[in-house]
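What follows is one structure encoded as structure tokens, with my remarks underneath.
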Amino acid sequence: MKNSGGLRRSKRARTLELFIVSGWLAIVIALAAASFYRRGYILYYGDAQAHLDLSRSIIDSRTPGYDQLGTVWLPLLHVICLPFVRNVWLWSTGLAGTIPVAFCFVVAGTCFYFAAKTTYGSSLAAAVVICVLALNPNVLYLGSIPMTEVVFFAGLALFLVAFAKFRTTARKSWLTLGIAASWAMSLTRYDGWFLIPFASLWFAIAAPHRKWIVLAVFGVLASLAPAYWILHNWWETGNGFDFYSGPYSAKAIQGSKPYSGYHDWALSVLYYGKAAQLCAGSYTLAIGILGVVCAAIKRVFAPLGFLLLTPLFYIWSLHSSGNPIHVPQLWPYSYYNTRYGIALVIAAAFASGAIVSFLPVRFSKLALALPIMALIPWLARPGIGSSICWKESQVNSVARRAWTDAGA
Numbered sequence: 513m514k515n516s517g518g519l520r521r522s523k524r525a526r527t528l529e530l531f532i533v534s535g536w537l538a539i540v541i542a543l544a545a546a547s548f549y550r551r552g553y554i555l556y557y558g559d560a561q562a563h564l565d566l567s568r569s570i571i572d573s574r575t576p577g578y579d580q581l582g583t584v585w586l587p588l589l590h591v592i593c594l595p596f597v598r599n600v601w602l603w604s605t606g607l608a609g610t611i612p613v614a615f616c617f618v619v620a621g622t623c624f625y626f627a628a629k630t631t632y633g634s635s636l637a638a639a640v641v642i643c644v645l646a647l648n649p650n651v652l653y654l655g656s657i658p659m660t661e662v663v664f665f666a667g668l669a670l671f672l673v674a675f676a677k678f679r680t681t682a683r684k685s686w687l688t689l690g691i692a693a694s695w696a697m698s699l700t701r702y703d704g705w706f707l708i709p710f711a712s713l714w715f716a717i718a719a720p721h722r723k724w725i726v727l728a729v730f731g732v733l734a735s736l737a738p739a740y741w742i743l744h745n746w747w748e749t750g751n752g753f754d755f756y757s758g759p760y761s762a763k764a765i766q767g768s769k770p771y772s773g774y775h776d777w778a779l780s781v782l783y784y785g786k787a788a789q790l791c792a793g794s795y796t797l798a799i800g801i802l803g804v805v806c807a808a809i810k811r812v813f814a815p816l817g818f819l820l821l822t823p824l825f826y827i828w829s830l831h832s833s834g835n836p837i838h839v840p841q842l843w844p845y846s847y848y849n850t851r852y853g854i855a856l857v858i859a860a861a862f863a864s865g866a867i868v869s870f871l872p873v874r875f876s877k878l879a880l881a882l883p884i885m886a887l888i889p890w891l892a893r894p895g896i897g898s899s900i901c902w903k904e905s906q907v908n909s910v911a912r913r914a915w916t917d918a919g920a
């Protein structure tokens with residue numbers, strides 16, 4: 513009976529912890545989204561408006577239906593917005609995208625918390641991780657608007673939880689959840705396709721036996737999501753890779769126009785690094801670097817290694833795929849895809865937990881200063897203008913907003 517009572521208390525404690533963490537995240541994103549809505553910022557990004565219009569066209573257009581999914585943008589964001597774009601007011605205000613993306617913010621933060629707790633063995637470390645992450649102004653903005661980054665992070669966080677649990681329990685249910693998380697990532701952003709072989713390898717290494725079977729099963733099943741999208745592209749256009757080489761692809765939009773970083777690794781690293789600094793803030797990056805060192809000393813390699821793969825994918829895309837990043841401090845001194853730097857915010861935030869686990873117990877409370885340090889750039893320059901993601905959306909939408917305002 514003692515054991516049974518202890519298990520019940522443990523389950524109640526975990527449930528309470530889940531409610532506290534998810535409740536705090538829900539309050540944070542609700543306040544942020546309300547602020548952005550009151551100021552009219554929800555649809556500043558042209559892509560945000562286009563995502564909602566695409567979702568709406570599936571149910572309300574001259575030719576509604578499946579074909580309206582298109583072939584370039586992956587479908588998950590548009591699908592989760594469907595229940596809300598039916599309402600004209602929610603669609604026109606952008607809140608039809610805010611609601612599901614904000615929910616993904618809560619899922620992402622909650623899963624990152626439990627992944628960090630399992631990885632570092634500390635609730636305090638996990639709390640520091642989600643505070644550094646969830647209080648970042650750029651993450652809050654992207655978590656309040658219909659863009660794909662935070663939806664992708666929800667899948668990424670779910671994968672980390674599944675991996676951390678599988679490594680300690682070897683249960684097939686966690687392997688299944690990892691595959692489902694990979695599907696979510698792969699149907700949200702093409703980064704997810706890049707991660708599939710690494711995700712398969714991570715699970716195979718963690719498996720106590722039959723590693724080759726785990727590698728093959730995960731790889732084959734996770735690849736069903738990209739296979740579906742290639743088949744979808746072929747069905748719609750006759751070209752399975754229309755998303756990559758078709759007339760509306762990023763490659764076609766960029767064309768042959770030169771940009772810094774193309775076929776230049778040094779410049780690719782420089783431009784992505786600058787975008788990451790602007791998204792994360794210098795103090796968060798410093799915390800992240802220190803956290804990586806602490807994690808290496810503690811031999812906690814797997815989760816951080818996986819989180820660093822997405823920034824590497826962006827550097828590779830910048831170098832080889834005609835996918836530029838423009839930042840205001842470097843030529844051509846403009847804003848374009850700066851939000852890609854947000855991937856390094858995730859890695860730096862997760863690494864901050866390693867600092868907590870590295871500190872002696874009597875000094876562990878000092879770790880509570882880490883989220884405050886991470887916020888220093890924004891505390892020093894309060895106001896929405898210091899958020900690079902918002903600034904990009906504002907600068908690049910001036911002409912479009914003037915045109916739509918005149919039409920209204």
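Our numbering numbers the first residue of the sequence shown as 513 and each following residue consecutively.
Glycine is no exception: its CB is placed at the ideal position from the N, C-alpha and C atoms.
- Counting the other CB atoms within 10 Å of its CB gives F715 a total of 16 or more, which places it among the buried residues.
- In this structure the stretch 794-806 does not lie against the stretch 687-697, because fewer than three pairs of beta carbons, one per stretch, are closer than 8 Å.
- In the structure shown, H775 adopts coil according to DSSP, grouped into three states.
- Close CB contacts of V641 within its chain, under the 8 Å cut and outside five residues either way in sequence, are with F624, Y625, A628, A861, F862, S864 and G865 (chain order).
- Between L672 and P815, the C-beta spacing is below 8 Å.
- Comparing alpha-carbon positions, the option among I900, K810 and A892 lying closest to Q841 turns out to be I900.
- By the Cβ-count criterion, K786 is buried, with 16 or more other Cβ atoms from all chains shown falling within 10 Å of its own Cβ.
- According to the DSSP assignment, Y795 belongs to the alpha helix (DSSP H) that extends over S794 to I809.
- With fewer than 16 other beta carbons inside 10 angstroms of its own, R521 counts as exposed.
- When C-alpha distances from I858 are compared across H831, S735, T916 and A669, the shortest belongs to A669.
- The alpha-carbon of N599 is positioned some 16 Å away from that of P576.
- Minimum Cα-Cα distance from L588 among the listed residues S604, W601, R574 and H563 corresponds to H563.
- In this structure, DSSP gives Y632 a helical state, which the three-state scheme calls helix.
- DSSP, reduced to helix, strand and coil, places H721 outside both helices and strands of the structure shown, so it counts as coil.
- DSSP lists H838 as the bridge partner or partners of Y848.
- In this structure F664 is in contact with T700, their Cβ atoms being roughly 5 Å apart against a cut-off of 8 Å.
- P823 sits away from A778, with the two beta carbons spaced by 8 Å or more.
- DSSP places F671 in the uninterrupted alpha helix (DSSP H) bounded by E661 to T681.
- Here Y578 carries a helix assignment [DSSP, helix/strand/coil].
- The straight-line gap separating the alpha-carbon atoms of L743 and V591 is approximately 18 Å.
- Non-local C-beta neighbours of P649 in its own chain, meaning closer than 6 Å and more than five positions away in sequence, comprise W890 and S899, ordered along the chain.
- Residue burial annotation: H775 is exposed, with fewer than 16 other C-beta atoms found within 10 angstroms of its C-beta.
- The residue from G606, H838 and A546 with its alpha-carbon nearest to that of L782 is H838.
- Within the model, the alpha-carbon separation for S534 versus T527 is close to 11 Å.
- Straight across, the Cα-Cα distance linking L647 with F813 is about 25 Å.
- Rounded to the nearest whole angstrom, the C-alpha separation of K769 and A914 is 27 Å.
- In this structure G667 is in contact with A693, their Cβ atoms being roughly 5 Å apart against a cut-off of 8 Å.
- Residue range A814 to L819 is occupied by the alpha helix (DSSP H) that includes G817.
- A straight-line Cα-Cα distance of about 24 Å links V907 and S829.
- Look at S829 here: in three-state DSSP terms it is helix.
- Counting C-beta pairs with one atom in each stretch, the stretch 794-801 and the stretch 877-895 have three or more that are closer than 8 Å, which means they touch.
- Pairwise C-beta distances place the stretch 733-741 out of contact with the stretch 843-859, as fewer than three of them are shorter than 8 Å.
- Secondary structure of P770 (DSSP, three-state): coil.
- In this structure the stretch 723-732 does not touch the stretch 546-557; the number of beta carbon pairs closer than 8 Å is below three.
- Assigned with DSSP and collapsed to three states, V873 falls in helix.
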